[in-house]
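Peer 1: First the structure, which I've put down as structure tokens, then a few questions once you've had a look.
There are 2 protein chains.
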Amino acid sequence: MMKNDLPLSKDEILDAAEQVLRRYGPDKTSVVDVAKVLQVSHGTLYRHFESKAALREAVTSRWLHTSIVVPLDAIAGEIGGSSVDRLRLWLETLIQAKQKFAAEDIEMFAMYANVTVIEVEMISTHVYRLIKQLAQIIEQGMASKELKQGDSESIARAVFLATSRFHHPSHAAEWGMGNMTEDFENVWQLLLGGLI
Amino acid sequence: MMKNDLPLSKDEILDAAEQVLRRYGPDKTSVVDVAKVLQVSHGTLYRHFESKAALREAVTSRWLHTSIVVPLDAIAGEIGGSSVDRLRLWLETLIQAKQKFAAEDIEMFAMYANVTVIEVEMISTHVYRLIKQLAQIIEQGMASKELKQGDSESIARAVFLATSRFHHPSHAAEWGMGNMTEDFENVWQLLLGGLI
Numbered sequence: 002m003m004k005n006d007l008p009l010s011k012d013e014i015l016d017a018a019e020q021v022l023r024r025y026g027p028d029k030t031s032v033v034d035v036a037k038v039l040q041v042s043h044g045t046l047y048r049h050f051e052s053k054a055a056l057r058e059a060v061t062s063r064w065l066h067t068s069i070v071v072p073l074d075a076i077a078g079e080i081g082g083s084s085v086d087r088l089r090l091w092l093e094t095l096i097q098a099k100q101k102f103a104a105e106d107i108e109m110f111a112m113y114a115n116v117t118v119i120e121v122e123m124i125s126t127h128v129y130r131l132i133k134q135l136a137q138i139i140e141q142g143m144a145s146k147e148l149k150q151g152d153s154e155s156i157a158r159a160v161f162l163a164t165s166r167f168h169h170p171s172h173a174a175e176w177g178m179g180n181m182t183e184d185f186e187n188v189w190q191l192l193l194g195g196l197i
Numbered sequence: 002m003m004k005n006d007l008p009l010s011k012d013e014i015l016d017a018a019e020q021v022l023r024r025y026g027p028d029k030t031s032v033v034d035v036a037k038v039l040q041v042s043h044g045t046l047y048r049h050f051e052s053k054a055a056l057r058e059a060v061t062s063r064w065l066h067t068s069i070v071v072p073l074d075a076i077a078g079e080i081g082g083s084s085v086d087r088l089r090l091w092l093e094t095l096i097q098a099k100q101k102f103a104a105e106d107i108e109m110f111a112m113y114a115n116v117t118v119i120e121v122e123m124i125s126t127h128v129y130r131l132i133k134q135l136a137q138i139i140e141q142g143m144a145s146k147e148l149k150q151g152d153s154e155s156i157a158r159a160v161f162l163a164t165s166r167f168h169h170p171s172h173a174a175e176w177g178m179g180n181m182t183e184d185f186e187n188v189w190q191l192l193l194g195g196l197i
């Protein structure tokens, strides 16, 4: 007998999935484990998520939205002040969120790093959203003449790609080595020279 | 009875190791397999390489030296002409060598990508050598006033890190996606703006 017969919200399922993924790790977590935590039949869960991969993707996607997209969107949406300062704050916020996640939530980060390789479409959409935010900041800087004129979206993409070393999960193994603050400062100064 | 009783050169061992690694892949290759190809006892081989990891590291290190360091050193060592052109040629040569390797020599590339994560010291030394080459080009450009003045080694490191997306093996899965040529062009233009 299953205890819970009420309809499950997507967030309830993802909360349980995240909890189970954290406990057992992505390789050992099955849809059945998540169903057990929720005290529902695995049939109920399969109606929402047809595979373990779909569940992982949804958990990662939610994490990216809450921890990355939302706070960065708030920065990108600010008006007035220096666009250069805003651009730097945006990049530092992205980098710190990724590095904090890598250091403090190892199981979940490993899953996210794995998803970036497998769920190409989901990650492309996510990256495109971030580049649009960068473009928004850059456009404002171009309008105020703080930044050189140019194609804001190409430049935004270039800034995003040129800082991959600091925020792309494939580089996580290197984040503990050397002097990240100094390295970022040097890359930032170089990029800034091309932007202003 | 072992056929080959003559002393083995390091290159002979590495040739055999590379051949075996290509055939079976890094996970399934053992020092014993390499000894069989060379028709020597595995004791003989263990005197040169104490573990499978040491053998992999040596094969990767040789590949990096021959395919990357030597051709790039020839570019960095050129005198006269435009330093901007030389810098771009150096980066494009590095990127093309990595991408060609990733596409055409999958087993060996996978091993190299793995070694970059595990053999931190070997890879740091390799990266430092490449950054010194970049600094050499940048110094010449500063001397001829083609490039802005600055600390050549910090700038060289920044250029290397800012182009990671195109040459770091952790990004290999993304090399086939999107428009790499356009992406590199945009990053290059941004960096160039900071360099000249």
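Chain order of the listed sequences is A and Z.
Mind the numbering: the first sequence is residues 2 to 197 in this note's numbering, read in order.
Mind the numbering: the second sequence is residues 2 to 197 in this note's numbering, read in order.
Virtual Cβ for every residue (Gly too), placed ideally from N, Cα, C.
A quick note: this is a predicted structure, and the numbers were derived from the prediction, not measured.
Across the segment 151-165 of chain Z and the segment 124-139 of chain Z, are there enough close Cβ pairs to call them in contact, namely three or more that are closer than 8 Å?
Peer 2: Yes: the two stretches touch, three or more of their Cβ pairs being nearer than 8 Å.
Peer 1: Provide the residue span of the alpha helix (DSSP H) that contains Ser-171 (chain A), from first to last.
Peer 2: Note, Ser-171 (chain A): premise wrong, no alpha helix (DSSP H); not H, not E.
Peer 1: Here's the rule I'm using: 16 or more other beta-carbon atoms within 10 Å means buried, otherwise exposed. How should Tyr-129 (chain A) be labelled?
Peer 2: Under this definition Tyr-129 (chain A) is an exposed residue.
Peer 1: Have a look at Z:Glu-175, Z:Met-178 and Z:Val-60 and flag the residue whose alpha-carbon is nearest the alpha-carbon of Asn-115 (chain Z).
Peer 2: With distances taken between Cα atoms, Asn-115 (chain Z) lies closest to Z:Val-60.
Peer 1: Does DSSP put Asn-187 (chain Z) in a helix, a strand or coil?
Peer 2: In this structure, Asn-187 (chain Z) counts as helix in the three-state DSSP scheme.
Peer 1: Are the C-beta of Asp-228 (chain Z) and some C-beta of chain A separated by less than 8 Å?
Peer 2: Chain Z is shown from 2 up to 197; residue 228 (chain Z) falls before or after that span and cannot be answered.
Peer 1: Could you list which residues in chain Z have their beta carbon closer than 7 Å to that of Ser-83 (chain A), in chain order?
Peer 2: None at all; the shortest Cβ gap to chain Z is about 18 Å.
Peer 1: Going along chain A in order, which residues have a C-beta closer than 8 Å to the C-beta of Asn-187 (chain Z)?
Peer 2: By Cβ distance, chain A contributes Ser-155, Ile-156, Arg-158, Ala-159 and Leu-162.
Peer 1: Please list, in chain order, all residues of the same chain as Met-112 (chain A) whose beta carbon is under 7 Å from its beta carbon, the five residues on each side excluded.
Peer 2: Around Met-112 (chain A): Leu-22, Pro-27, Arg-57 and Thr-61.
Peer 1: Hey, is the segment 160-176 of chain Z in contact with the segment 94-104 of chain Z, meaning 3+ C-beta pairs nearer than 8 Å?
Peer 2: Short answer: they touch.
Peer 1: For His-172 (chain Z), go through chain A and note every residue whose CB falls closer than 8 Å to its CB, in chain order.
Peer 2: Result: Ser-165, His-169 and Ser-171.
Peer 1: Under 9 Å Cβ-Cβ, which residues of chain A neighbour Met-178 (chain Z)?
Peer 2: The contacting residues are Val-121 and Ser-125.
Peer 1: Take the Cβ of Asp-34 (chain Z) as the centre, count every other Cβ of all protein chains shown within 10 Å, and call the residue buried at 16 or more, exposed below.
Peer 2: Looking at its Cβ environment, which holds 16 or more other Cβ atoms inside 10 Å, Asp-34 (chain Z) is buried.
Peer 1: Taking only beta-carbon atoms, is Met-2 (chain A) less than 8 Å away from chain Z?
Peer 2: Legend: pLDDT at Met-2 (chain A) = 44, less than 50; position of this residue unreliable, value from coordinates given subsequently. No, because no Cβ of chain Z sits closer than 8 Å to the Cβ of Met-2 (chain A).
Peer 1: Check the Cβ of Gly-195 (chain A) against every Cβ in chain Z and list those closer than 9 Å, keeping chain order.
Peer 2: By Cβ distance, chain Z contributes Gln-190, Leu-191, Leu-192, Leu-193, Gly-194, Gly-195 and Leu-196.
Peer 1: Ignore the nearest five residues each way along the sequence and tell me which others in Ala-55 (chain Z)'s own chain have a CB closer than 7 Å to its CB.
Peer 2: Closer than 7 Å at the Cβ level, and outside the excluded window around Ala-55 (chain Z), lies no residue.
Peer 1: Which two residues bound the contiguous alpha helix (DSSP H) that contains Phe-110 (chain A)?
Peer 2: Per DSSP, Phe-110 (chain A) belongs to the alpha helix (DSSP H) from 107-119.
Peer 1: Following the continuous alpha helix (DSSP H) through Glu-147 (chain Z), name the residue where it begins and the one where it ends.
Peer 2: No alpha helix (DSSP H) contains Glu-147 (chain Z), which DSSP labels as neither H nor E.
Peer 1: Can you tell me the Cβ-Cβ gap for Ser-84 (chain Z) and Leu-148 (chain Z), rounded? I've got them flagged as a contact below 8 Å.
Peer 2: Ser-84 (chain Z) to Leu-148 (chain Z), Cβ: 6 Å. Contact.
Peer 1: For Val-118 (chain A), which residues in chain Z fall below 8 Å Cβ to Cβ?
Peer 2: Result: Ala-174.
Peer 1: Do you know whose CA, among Z:Gln-150, Z:Trp-189 and Z:Gln-141, lies nearest Leu-162 (chain A)'s CA?
Peer 2: The candidate whose alpha carbon is nearest that of Leu-162 (chain A) is Z:Trp-189.
Peer 1: Short of 6 Å in beta carbon distance, which residues of its chain neighbour Gln-20 (chain A), apart from the five on each side in sequence? Order them along the chain.
Peer 2: Closer than 6 Å at the Cβ level, and outside the excluded window around Gln-20 (chain A), lies no residue.
Peer 1: What is the DSSP secondary structure of Gly-26 (chain Z), reduced to helix, strand or coil?
Peer 2: It is coil, neither helix nor strand.
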